[in-house]
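Here the protein sequences line up with chains A and B, keeping their order. With the working numbering, the residue at position 70 of the first sequence is 70, and numbering never jumps. With the working numbering, the residue at position 11 of the second sequence is 253, and numbering never jumps. Where is the CB? At the ideal position from N, CA and C, for every residue including glycine. Each remark here refers to the structure printed beneath this line.
There are 2 protein chains.
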Amino acid sequence: MELRKDIHSDGIPLLCESCQARHRGVCGALEPEQLIALAKASHKHVVKEGEELIGDAERIDVYSNVLSGVVKLTKTLSDGRQQIVGLQFAPDFLGRPFRKESSINAEAATDVSLCSFPKATMDRMMQEQPGLEHRLLQQALIELDDARDWMVTLGRKTAAEKVASFLMLIARNIDPSRDPERRAVTFDLPLTRADIADFLGLTIETVSRQLTRLRTDNVIRIENNRHVFVDDIRRLEARAGN
Amino acid sequence: MELRKDIHSDGIPLLCESCQARHRGVCGALEPEQLIALAKASHKHVVKEGEELIGDAERIDVYSNVLSGVVKLTKTLSDGRQQIVGLQFAPDFLGRPFRKESSINAEAATDVSLCSFPKATMDRMMQEQPGLEHRLLQQALIELDDARDWMVTLGRKTAAEKVASFLMLIARNIDPSRDPERRAVTFDLPLTRADIADFLGLTIETVSRQLTRLRTDNVIRIENNRHVFVDDIRRLEARAGN
DNA sequence: TCCCCGCGTTGACCTGGATCAAGGAAATGC
DNA sequence: GCATTTCCTTGATCCAGGTCAACGCGGGGA
């Protein structure tokens, strides 16, 4: 715990000082002294790609903020069919208040760096600081909007539109500091083809074919299977069929 | 406004006395005097089947509790393809806090009876009564769980499983007082075949064919197109493919 | 260095669900 | 009472995306 109370600015713990979650995430609702208390109980750590963060039907005893990387939330049917039901980027909050158990799996899609703290500490702070719950409600509503947007993609879009929509989603989220007016975009795909398929309700082969089509139509360029170049994001958007 | 302060029990407004929303809904978080204040500003009304409650990109200036009936939440792509992204049953809360505009359409799937109150009144109460926000957070998280469950249905289930899943959903929600151990269930479908198709990401024809299949396999019986009898809900559940 | 092995691509073929078309039944209007 | 419309069902055909199979490529271990 690299908390050093002697070196601070406005009483902000060093741990939190450069943390995005303090501005756009849930921690922004906390008073400096609460932030200090939470920082004391929290620790930063890295989870390797492929490792599980929260198991299905497992006890949840920590909450986390995503500091970097991408977390995938998945659900699986009894016969093994899988669906990714959400992606969490920095500085999203990870955890399910008011429930002992999670109904979904959370897994590191890339190497992920997290700031975790005990559920109990957070739950206590929620009581004394209504602003915290307010932030959580905001995040929950945003996630709900996202989930419902994605339901349209899953239920009504073609494979080609699904893949374009996915690329748009990543482009929007992977680097939030990007100038939204800029037409050329480049990013690394945080998911394998199999994950993309599970996110889109398609097979690996269909995802691959649709990516090839976008490539041959010069909408995107791909290097090393993962690195994507988009010359004009509006052409990609036009293919997402909204 | 049939609020009669002379006849009350524990200061509960008559309007609210028999209201489900007071127990399981958001109003349960309110103190009697707050309930009275809210009741003063609220009014019960009925919206006919097919009428729009909240238009896409329309200002939201009221919140409502659903007292009876079913509300469908829809999203539409620019070319007209539609997806139902949620169904609201009594005593669900209807409205989107923290936003001027709605990104979804809400429409009465059946005749719906609502208890509506001005957004401003509610927003003010949220400030003075953190318990309200707590309830809203709970409802939002439940809706999020539901949405994610449905994403699995949309993305990974077959048409047959989708239709069975839909019937299970209705059976579970239409009459919450039903004994969950009871195997025989009967209910009215609150949606037309077209709506069901929009909810499941299918066409009308496919929905119809799958219903006939369930019928010929003696899993369900249908009268007057809308009234469904299930002899053994476990047989239906087995077809939902979870 | 070579050999896996995991990941991605591509081709050939198949099928579940979409599309197109027809018609029945119940509700609504005149 | 009849015409019209809306909702639903059923059949015939089509095609987007799934399935099966082969192969290419880059990275890691012996």
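| Asked | Found |
| --- | --- |
| Are any of the Cβ atoms in chain A nearer than 7 Å to that of residue 393/B? | yes |
| Would you decide whether residue 307/B is buried or exposed? Buried here means 16 or more other CB atoms lie within 10 Å of its CB. | buried |
| Between 463/B, 416/B and 355/B, which has its C-alpha nearest residue 290/B's C-alpha? | 355/B |
| Does the contact criterion of 3 or more C-beta pairs under 8 Å hold for the stretch 395 to 411 of chain B versus the stretch 282 to 296 of chain B? | no |
| Out of 146/A, 140/A and 32/A, state which residue places its alpha-carbon closest to the alpha-carbon of residue 327/B. | 146/A |
| May I ask you to list, following chain order, the residues of the stretch 298 to 322 of chain B that have a beta carbon less than 7 Å from some beta carbon of chain A? | 317, 319 and 320 |
| Output needed for residue 153/A: all residues of its chain with C-beta closer than 7 Å, excluding positions within five of it in sequence on either side, in chain order. | 162 and 165 |
| Inspect the beta-carbon positions of residue 20/A and residue 93/A and report whether they are closer than 7 Å. | no |
| Using alpha carbons as the reference points, say which of 45/A, 90/A and 144/A lies closest to residue 173/A. | 90/A |
| At 9 Å on the CB atoms, spell out the chain A contacts of residue 346/B, in chain order. | 145 and 148 |
| What's the C-alpha gap between residue 187/A and residue 472/B? | 51 Å |
| Give the range of the beta strand (DSSP E) segment to which residue 188/A is assigned. | 185 to 188 |
| In the stretch 7 to 27 of chain A, which residues sit with their C-beta less than 9 Å from some C-beta in chain B, listed in chain order? | none |
| Distance, Cα to Cα, residue 470/B vs residue 447/B? | 18 Å |
| Could you check the C-alpha separation between residue 244/B and residue 157/A for me, to the nearest Å? | Only weak support is given to the placement of residue 244/B: the predicted model assigns it a pLDDT of 46, under 50, and the value that follows is read from those uncertain coordinates. Their Cα atoms are separated by approximately 48 Å. |
| Return helix, strand or coil for residue 244/B, following the three-state DSSP convention. | Because the pLDDT at residue 244/B is just 46, under 50, the model does not fix this residue reliably, and the value given afterwards should be weighed accordingly. Three-state result, residue 244/B: coil. |
| Mind the definition here: the stretch 210 to 230 of chain A touches the stretch 123 to 134 of chain A only if three or more C-beta pairs lie below 8 Å; say whether that holds. | no |
| Could you say which of 365/B, 393/B, 315/B and 413/B lies nearest to residue 276/B if we only look at CA atoms? | 365/B |
| Is the distance from the Cβ of residue 183/A to the Cβ of residue 232/A below 7 Å? | yes |
| Quick one: which chain B residues come within Cβ less than 8 Å of residue 136/A? | 379 |
| When you compare each of 62/A, 73/A, 60/A and 67/A to residue 50/A by their alpha carbons, which one comes out closest? | 73/A |
| Can you name the residues of chain B whose CB is closer than 9 Å to the CB of residue 95/A? | What residue 95/A touches in chain B: nothing, since even the nearest Cβ is about 11 Å away. |
| Who are the near neighbours of residue 171/A in its chain, counting only those whose CB is closer than 7 Å to its CB and skipping five residues on each side? | 185, 187, 230 and 233 |
| Return the CA-CA distance between residue 67/A and residue 13/A, expressed in angstroms with no decimal places. | 16 Å |
| Is there at least one Cβ from chain B nearer than 7 Å to residue 140/A's Cβ? | yes |
| Answer with yes or no whether the minimum CB distance from residue 192/A to chain B is below 7 Å. | no |
| Please report the Cβ distance between residue 129/A and residue 15/A, rounded to the nearest whole angstrom; I am assuming they are in contact, meaning their Cβ atoms lie under 8 Å. | That pair is no contact at about 19 Å. |
| Quick one: which residues of the stretch 453 to 470 of chain B get their C-beta closer than 7 Å to a C-beta of chain A? List them in chain order. | none |
| At a Cβ threshold of 7 Å, is residue 240/A touching chain B? | no |
| Indicate whether residue 433/B and residue 350/B have their beta-carbon atoms separated by less than 7 Å. | no |
| Would you report the Cα separation of residue 361/B and residue 294/B, rounded to the nearest angstrom? | 18 Å |
| With respect to the beta strand (DSSP E) encompassing residue 74/A, which residues constitute its N-terminal and C-terminal limits? | 71 to 76 |
| I'd like the list of long-range same chain contacts for residue 248/A, defined as Cβ closer than 8 Å, with 5 residues on each side in sequence excluded. | Not covered by the structure: residue 248/A. The range shown for chain A is 1 to 242. |
| Roughly how many angstroms separate the alpha carbons of residue 24/A and residue 141/A, rounded to a whole number? | 15 Å |
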